[in-house]
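What follows is a short report on a single structure.
What follows is the structure in structure tokens.
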């Protein structure tokens with residue numbers, strides 16, 4: 001059955017996924033908007049950087065984060081100079097890793113939603129003398145709602161299922177950096193298959209429900225878009 | 001006619017056993033470097049070929065239980081091979097200790113770790129890395145050591161744990177942890193610690209880190225399996241193993 005450590009890991013995972021999702025929505029929405037509107041020559045390289053976590057193995061990402069956050073790394077030197085210490089093995093470090101890791105899962109659905117609005121509604125708004133900011137908040141954002149929802153669900157689910165990065169930069173500290181996926185891994189490695197099954201089964205059911213929600217949402221979203 | 005057929009059978013059998021075989025070997029990740037070197041020498045000497053897979057012992061256990069085609073296991077501990085043998089996945093009586101791991105407290109910074117380990121008592125560092133004692137024998141040995149020194153509780157809040165000794169090494173090598181307990185074989189070459197500062201943990205402070213090998217049920221009839229085991233017990237293999245910082 002689920003013991004104290006398991007609940008601790010579940011709680012921490014939910015906390016991490018919620019915070020990651022909120023921060024990602026704040027970060028990804030303007031980024032996706034810019035990507036959907038701009039004709040800048042920076043569009044392609046930035047789009048590629050945003051997509052990178054999708055194709056990189058988590059071990060590569062985790063290792064580079066470790067190097068980046070270490071006392072010799074640029075991020076580590078910055079946080080040390082600010083008196084925050086290094087970020088590896090802390091919840092904040094995990095949060096940064098999760099944001100990097102789940103970034104494409106937030107940006108891409110939002111970007112697609114913005115792109116599928118097309119130019120017309122925004123042009124109409126402009127002829128009615130709506131400022132670009134006004135047009136963004138009263139037209140683009142509401143129309144992109146299904147995309148935002150998809151982004152939120154995917155970011156949350158993906159952070160819950162994240163394994164490689166948290167394993168690499170977490171340090172496996174109970175209550176601070178040990179999340180469900182690394183806990184399951186530990187159980188499997190230690191041959192504690194009963195505990196592993198409880199947690200893994202829960203994860204499986206959770207993932208199924210998320211994907212089910214997503215596909216129901218897509219159907220409704222499609223009818224909204226039309 | 002009959003003796004001829006018998007002779008032919010015997011001939012077939014003989015040529016079969018003399019023929020070069022391919023052997024599938026699962027090797028604990030910490031033994032990667034010496035095993036690659038040993039495999040080359042073994043292949044050259046016997047004509048057999050080895051298909052080496054490197055990974056964690058816990059994962060190999062799960063895979064072997066579920067029908068993985070490994071024929072020999074070189075584990076990172078002595079418990080897993082014993083357990084596999086008990087559970088009928090190994091060939092009885094083939095288990096032996098091929099290497100004994102040595103624990104070292106290591107820092108990439110020169111001068112941080114003194115050669116008596118007093119740095120642990122001073123505790124003037126922010127984090128100390130060790131392998132998860134539940135998963136890795138080196139982690140268990142590190143825990144033994146801290147327990148014997150009576151420092152576990154004082155240092156516990158500074159622990160960061162790698163899930164294996166490779167990851168623990170990474171924490172220290174990238175200096176995210178200023179020091180940590182790693183395997184001597186990771187920081188050792190040409191008879192000395194190559195970088196930073198280190199304390200060789202005396203073997204009186206922890207249970208020996210025995211790494212055992214076992215012929216698995218799938219390798220029962222492969223002639224290369226007992227030959228490899230014999231080779232590992234020979235002097236040339238032992239010299240390679242020692243050169244990588246393991247005891248025997």
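Protein chains in written order, with our numbering: chain A, 1 to 226; chain B, 1 to 248.
Here a beta-carbon is modelled for each residue, glycine too, at the ideal position from N, C-alpha and C.
All values reported here derive from a predicted model rather than from experimental measurement.
How would you list, in chain order, the residues of chain B whose beta-carbon sits under 7 Å from the beta-carbon of residue i?
i                     : result
residue 203 (chain A) : Simply none; closest approach about 17 Å.
Is there a Cβ from chain A that is less than 9 Å from the Cβ of residue i?
i                     : result
residue 77 (chain B)  : no
residue 16 (chain B)  : Confidence at residue 16 (chain B) is low in this model, with a pLDDT of 47, below 50, so its placement is unreliable and no value can be given for it.
residue 119 (chain B) : no
residue 44 (chain B)  : no
residue 1 (chain B)   : Low confidence applies to residue 1 (chain B): its pLDDT is 48, below 50, so where it sits in the model is not reliable, and the reading given next is rough at best. By this cut-off, residue 1 (chain B) is not an interface position.
residue 87 (chain B)  : no
residue 170 (chain B) : yes
residue 216 (chain B) : no
residue 104 (chain B) : no
residue 63 (chain B)  : no
residue 211 (chain B) : no
residue 19 (chain B)  : no
residue 167 (chain B) : yes
Would you mind reading off the limits of the alpha helix (DSSP H) that contains residue i?
i                     : result
residue 76 (chain A)  : 74-81
residue 121 (chain B) : 118-122
residue 236 (chain B) : 235-243
residue 83 (chain B)  : 79-86
residue 200 (chain B) : Counting along the chain, residue 200 (chain B) falls outside any alpha helix (DSSP H), though it belongs to the beta strand (DSSP E) covering 197-200.
residue 182 (chain A) : 180-189
residue 91 (chain B)  : That residue, residue 91 (chain B), is in no alpha helix (DSSP H); it is neither H nor E in DSSP.
residue 145 (chain A) : 145-160
residue 107 (chain B) : Not the alpha helix (DSSP H): residue 107 (chain B) falls in the beta strand (DSSP E), residues 103-107.
residue 59 (chain A)  : 58-69
residue 43 (chain B)  : 32-46
residue 166 (chain B) : 165-173
Kindly say whether residue i, judged by its beta-carbon, lies nearer than 9 Å to any beta-carbon of chain B.
i                     : result
residue 224 (chain A) : Its pLDDT being 49, under 50, residue 224 (chain A) is placed unreliably by the model, and nothing is read from it.
residue 234 (chain A) : Any property of residue 234 (chain A) remains undetermined from this structure, which presents chain A solely from 1 to 226.
residue 83 (chain A)  : no
residue 91 (chain A)  : no
residue 73 (chain A)  : yes
residue 169 (chain A) : yes
residue 13 (chain A)  : no
residue 63 (chain A)  : yes
residue 182 (chain A) : yes
residue 94 (chain A)  : no
residue 118 (chain A) : no
residue 76 (chain A)  : yes
Whose Cβ in chain A lies nearer than 7 Å to the Cβ of residue i?
i                     : result
residue 174 (chain B) : 66, 67, 70
residue 127 (chain B) : 89
Closer than 9 Å by beta-carbon distance: list the chain A residues that pair up with residue i, in chain order.
i                     : result
residue 249 (chain B) : Look at the range of chain B in this structure, 1 to 248, and you will see that residue 249 (chain B) is not part of it.
residue 56 (chain B)  : 189
residue 160 (chain B) : 88, 89, 170, 171, 172, 173, 177
residue 59 (chain B)  : 188, 189
residue 163 (chain B) : 167, 172, 182, 185, 186, 189
What does residue i touch in chain B if you count any residue whose Cβ is under 8 Å from its own?
i                     : result
residue 236 (chain A) : With chain A covering only 1 through 226, there is no way to say anything about residue 236 (chain A).
Is residue i near residue j, with beta carbons less than 9 Å apart?
i                     : j                     : result
residue 175 (chain B) : residue 168 (chain A) : no
residue 27 (chain A)  : residue 199 (chain A) : no
residue 136 (chain B) : residue 201 (chain B) : no
residue 102 (chain B) : residue 234 (chain B) : no
residue 206 (chain A) : residue 165 (chain A) : no
residue 50 (chain B)  : residue 224 (chain B) : yes
residue 70 (chain B)  : residue 218 (chain B) : yes
residue 104 (chain A) : residue 53 (chain A)  : yes
residue 85 (chain A)  : residue 112 (chain A) : no
residue 130 (chain A) : residue 139 (chain A) : yes
residue 162 (chain A) : residue 58 (chain A)  : yes
residue 196 (chain B) : residue 100 (chain B) : no
residue 30 (chain B)  : residue 166 (chain B) : yes
residue 159 (chain B) : residue 127 (chain B) : yes
Which residues in chain A have a C-beta closer than 8 Å to the C-beta of residue i? List them in chain order.
i                     : result
residue 135 (chain B) : 186, 189, 190
What is the residue span of the beta strand (DSSP E) that residue i lies within?
i                     : result
residue 120 (chain A) : Segment 120-127 is the alpha helix (DSSP H) holding residue 120 (chain A); no beta strand (DSSP E) there.
residue 160 (chain B) : 159-162
Contact set between the segment 44-56 of chain A and chain B, restricted to residues whose Cβ is under 9 Å from the partner: Residues of the segment 44-56 of chain A whose Cβ lies closer than 9 Å to any Cβ of chain B: none.
Residues, ordered as in the chain, of the segment 176-196 of chain B that lie near chain A by beta-carbon distance below 7 Å: Listed by position, the residues of the segment 176-196 of chain B near chain A (Cβ gap below 7 Å) are 176.
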